[in-house]
Amino acid sequence: MTQGTVPVRSVHAVDEVLPLGRMIAFGLQHVLSMYAGIVAVPLVLASALGLDQDHVVRIVNASFFMCGIATLIQTIGFPGFGARLPLVQGTTFASVATMILIGKQSGLPAIYGAVIAAGIFTVIAAPFFSRLLRFFPPVVTGTVITIIGVSLLPVAIRWAGGGNPAAPDFGSRGNLGLAALTLLFVLLLTRFSKGFWGRIAVLLGLVFGTVVAALLGKASFATVGTAAAVGFTPPFFFGTPTFLLVPILSMILVMLVVMVETTADLLAIGEIVEKPVDAGDVTRGLRADGLSTALGGLFNVFPFTAFAQNVGLVRFTGIKSRFVVAAAGVILLLLGFFPKLGALVASIPLPVLGGAGLVLFGTVAGAGIQTLTRVNLADTRNLTIVAVSVALGVIPATVPTLYQHLPEWASLFLESGITAAALSAILLNILFNIVSTRTERLSYTADATAHVPEVGDIH
Numbered sequence: 167m168t169q170g171t172v173p174v175r176s177v178h179a180v181d182e183v184l185p186l187g188r189m190i191a192f193g194l195q196h197v198l199s200m201y202a203g204i205v206a207v208p209l210v211l212a213s214a215l216g217l218d219q220d221h222v223v224r225i226v227n228a229s230f231f232m233c234g235i236a237t238l239i240q241t242i243g244f245p246g247f248g249a250r251l252p253l254v255q256g257t258t259f260a261s262v263a264t265m266i267l268i269g270k271q272s273g274l275p276a277i278y279g280a281v282i283a284a285g286i287f288t289v290i291a292a293p294f295f296s297r298l299l300r301f302f303p304p305v306v307t308g309t310v311i312t313i314i315g316v317s318l319l320p321v322a323i324r325w326a327g328g329g330n331p332a333a334p335d336f337g338s339r340g341n342l343g344l345a346a347l348t349l350l351f352v353l354l355l356t357r358f359s360k361g362f363w364g365r366i367a368v369l370l371g372l373v374f375g376t377v378v379a380a381l382l383g384k385a386s387f388a389t390v391g392t393a394a395a396v397g398f399t400p401p402f403f404f405g406t407p408t409f410l411l412v413p414i415l416s417m418i419l420v421m422l423v424v425m426v427e428t429t430a431d432l433l434a435i436g437e438i439v440e441k442p443v444d445a446g447d448v449t450r451g452l453r454a455d456g457l458s459t460a461l462g463g464l465f466n467v468f469p470f471t472a473f474a475q476n477v478g479l480v481r482f483t484g485i486k487s488r489f490v491v492a493a494a495g496v497i498l499l500l501l502g503f504f505p506k507l508g509a510l511v512a513s514i515p516l517p518v519l520g521g522a523g524l525v526l527f528g529t530v531a532g533a534g535i536q537t538l539t540r541v542n543l544a545d546t547r548n549l550t551i552v553a554v555s556v557a558l559g560v561i562p563a564t565v566p567t568l569y570q571h572l573p574e575w576a577s578l579f580l581e582s583g584i585t586a587a588a589l590s591a592i593l594l595n596i597l598f599n600i601v602s603t604r605t606e607r608l609s610y611t612a613d614a615t616a617h618v619p620e621v622g623d624i625h
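Residue numbers (our numbering): 167 to 625.
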């Protein structure tokens, strides 16, 4: 090194701090890509439990706030907590069926008590669960990442049609036209724009599609006018949590499923940002899930996990900075204090979101296929692992009623395509590539020993 020069330390793209304006724009793009996932869980739960509109608004606002806190814990982190990777945290759909059952039997306080206890369990179990990382080779991670994208695509397709397949206008020319126009806009920006504008193509596509929808009378901003300017849902708004054994055990089972999904998302984002994920990263990532879930129970919301749709956005834009996602966390947190902003975000028509979602979710599947290119699929064992796991993974999206007569515990694992594919790939990899290899090695050693010549036999 020349005397007087200052050594330059290279910074990984994950730890890169972008200019403030760009971080806000990229962060807002993440928020708009995942807002429907945030509000979906409260809306489904509220409908099933018969909650009034005021309570629904309260839970939605609290969800925005806690999604922001959870995202900051995961991206910025502190000692022992947070993978410090660009992962947006949101409420998981895996918990909905269990929470509805608990709510109908014991009320909202029992739901929140179970959520708090299950979150604490996740924090404690995280280092033990992370030891299973050796069971996630490329044949497993590639399969799971592919299924993450494939299982999300039907969501985007339903959004493109209007959201509710039972609605009279589902799949109407207007809805499909909006979705197609948004998709075309995103594709043209991606093809012909370079640098910053190309990287916010999804954000601009959502804005463009919403403006067109408003001009056609297909976007309503009425809720923006009726929403409060400032508001916050305080902790224990629905009463002091109650801790009942059976609901707690049921929610712990849910969190075991969530831990499998989060591990898959951690490995997926590690592949995309080219930063290998080790057992320590998984431990901290799962602890972040657990801590956020426990805090969520205090703040009137539900279990947390990484949002796969935002993994797709990272892959699509190439923006790998965790601080961009942290900016999304700050925006989400602020939405929890300003209901009008939340109402404005929620005014984006679903067909518009569907058009953008087709790009994002397909990108995740593409990343999984890219990982599988490193696997020797000429080996029938690997090909079988991928084939069976993909088949099980697409069942919930294609035939959602297939498991309706199974016990609840079985449905919990099978009705999530991501979980079903992950468990299948892990177990089949153990059977085909670990147990069989070890058996072959032992057989070879025994055979070789049996044929070692005695000293007296050597001439």
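For every residue, glycine included, the Cβ atom is placed at its ideal position computed from N, Cα and C.
If you're wondering where the values come from, they're calculated on a predicted model, not measured in any experiment.
Close-in-space but distant-in-sequence residues of the same chain around residue i (CB under 8 Å, 5 per side omitted)
i           : result
residue 376 : 385, 513, 514, 515 and 518
residue 342 : 326, 327 and 517
residue 506 : 390, 393, 394 and 395
Boundaries of the beta strand (DSSP E) in which residue i is found, first to last residue
i           : result
residue 255 : 255-257
residue 387 : Looking at the DSSP string, residue 387 is not in any beta strand (DSSP E), and its letter there is neither H nor E.
Whole-Å CB distance - residue i paired with residue j, under 8 Å assumed
i           : j           : result
residue 196 : residue 494 : 4 Å
residue 252 : residue 180 : 7 Å
residue 471 : residue 427 : 6 Å
residue 199 : residue 476 : 6 Å
residue 309 : residue 534 : 7 Å
residue 550 : residue 594 : 7 Å
residue 509 : residue 390 : 5 Å
residue 241 : residue 248 : 7 Å
residue 432 : residue 447 : 6 Å
residue 479 : residue 239 : Contact doesn't hold; Cβ gap of about 20 Å is too wide.
Burial state of residue i (16 or more Cβ within 10 Å)
i           : result
residue 345 : buried
residue 481 : buried
residue 229 : buried
residue 314 : buried
residue 438 : buried
residue 412 : exposed
residue 486 : buried
residue 294 : exposed
residue 621 : Caution is warranted here: a pLDDT of 45 is assigned to residue 621, below 50, making its placement in the model unreliable, and the coordinate value is therefore given only provisionally. Looking at its Cβ environment, which holds fewer than 16 other Cβ atoms inside 10 Å, residue 621 is exposed.
residue 628 : Beyond the ends of the chain as shown, which are 167 and 625, falls residue 628; an answer cannot be given.
residue 570 : exposed
residue 176 : exposed
residue 406 : exposed
residue 399 : buried
DSSP bridge partner residues for residue i (one or two, in chain order)
i           : result
residue 471 : 256
residue 244 : 247
Run of the alpha helix (DSSP H) containing residue i, from where it starts to where it stops
i           : result
residue 424 : 411-439
residue 453 : 445-464
residue 555 : 546-564
residue 357 : 339-358
residue 270 : 262-272
residue 298 : Neither: residue 298 is in no alpha helix (DSSP H) and is coded neither H nor E.
residue 497 : 488-501
residue 317 : 304-327
residue 593 : 583-595
residue 536 : 516-538
6 Å CB neighbourhood of residue i in its chain, flanking five on each side removed
i           : result
residue 186 : none
residue 420 : 260, 261 and 264
residue 269 : 215 and 277
residue 502 : 227, 230 and 231
Residues near residue i by beta carbon distance below 7 Å, same chain, minus five either side
i           : result
residue 498 : 197, 230, 233, 234 and 237
residue 331 : 324
residue 364 : 355 and 356
residue 541 : 304, 305, 308 and 548
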